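For the sequence shown, the numbering used here begins at 174 and goes up steadily by one. Using N, Cα and C, we set each Cβ at its ideal position, and we do this for glycine too. Predicted model only: the values in this text are computed from it and were never measured. Quick notes on the structure that follows.
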Amino acid sequence: MHPPPLCPRHARCPGPDADTRSRAGKGDVLSAGLPGHEGPRHRDSLLPNGEWMSQIARNLTDCDDGFLNGSRHLIHDRDPLFTRSFREILKSSGVKTVKLPARSPNLNAYAERFVRSIKSECLAQIIPLGEEYLRHVVKEYTEHYRSERNHQGLENSLIEKPHGVVDMDSGVEHPERLGGVLNYYERRAA
174 MHPPPLCPRH ARCPGPDADT RSRAGKGDVL SAGLPGHEGP RHRDSLLPNG
224 EWMSQIARNL TDCDDGFLNG SRHLIHDRDP LFTRSFREIL KSSGVKTVKL
274 PARSPNLNAY AERFVRSIKS ECLAQIIPLG EEYLRHVVKE YTEHYRSERN
324 HQGLENSLIE KPHGVVDMDS GVEHPERLGG VLNYYERRAA
């Protein structure tokens, strides 16, 4: 059981899914693919608006390296930042937007699970004293979540498999992140 948050603001710290950078407040873009798919890295904004979201839509549907290439649907919440222009750019690329109903967190399970995980495993033990440190904490947790943390839904395997051959006769290492808040165990590569 985790201790309660030390202050109400700490309890409301937002978390991105495993695929994005984030900051506290508006201007976060949460893009979740299926487990094992690498998501985009978006540039965030202090003052997001429709124009900024239109650029995000163009980036998502870029013909060379757009995250939504080959996708048919994009699920999003009811944030007014998902403007008509944003939806039309996606539609012109063959991506249908699906707006979630109000008060329905269970319909976006991947994103909701990531938010719950980062809050309980990381943010409940750390008080970020500034935006830059919050970014660092989220980045470290995201890397841990994708490449070091076992996931029960994936039969206790990692989202990103380690590169190289693992020497099963080598000793077990105990690396840590964020001063020991995030721990994991691994064998040395051969």
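Which listed residue (the options) has its alpha carbon closest to that of residue i
i           : options               : result
residue 261 : 247, 243 and 360      : 247
residue 361 : 350, 232 and 337      : 337
residue 344 : 351, 358 and 331      : 358
residue 347 : 341, 335 and 321      : 321
residue 350 : 326, 334 and 313      : 313
residue 293 : 281, 311, 278 and 306 : 311
Coil, strand or helix - residue i by DSSP
i           : result
residue 356 : strand
residue 312 : helix
residue 231 : helix
residue 349 : strand
residue 299 : coil
residue 288 : helix
residue 330 : strand
residue 343 : coil
residue 324 : strand
8 Å CB neighbourhood of residue i in its chain, flanking five on each side removed
i           : result
residue 256 : 223, 226 and 227
residue 324 : 208, 330, 331 and 332
Expected contact under 8 Å - CB spacing of residue i and residue j to nearest Å
i           : j           : result
residue 317 : residue 263 : Going by Cβ atoms, the distance from residue 317 to residue 263 rounds to 31 Å, so no, they are not a contact pair.
residue 221 : residue 273 : Not really, about 19 Å apart at Cβ, beyond 8 Å.
residue 232 : residue 243 : Residue 232 to residue 243, Cβ: 16 Å. No contact.
Contacts around residue i, its chain only, beta-carbon distance under 7 Å, and the 5 residues preceding and following it disregarded
i           : result
residue 251 : 272, 273 and 275
Proximal residues to residue i (C-beta, below 6 Å), its chain only, five neighbours per side dropped
i           : result
residue 234 : 241 and 266
residue 298 : 354
Next on the checklist: Please give me, in chain order, every unbroken run of the beta strand (DSSP E) with length at least 3 that falls completely inside the stretch 232-274.
Outcome noted: 246-249 and 269-272
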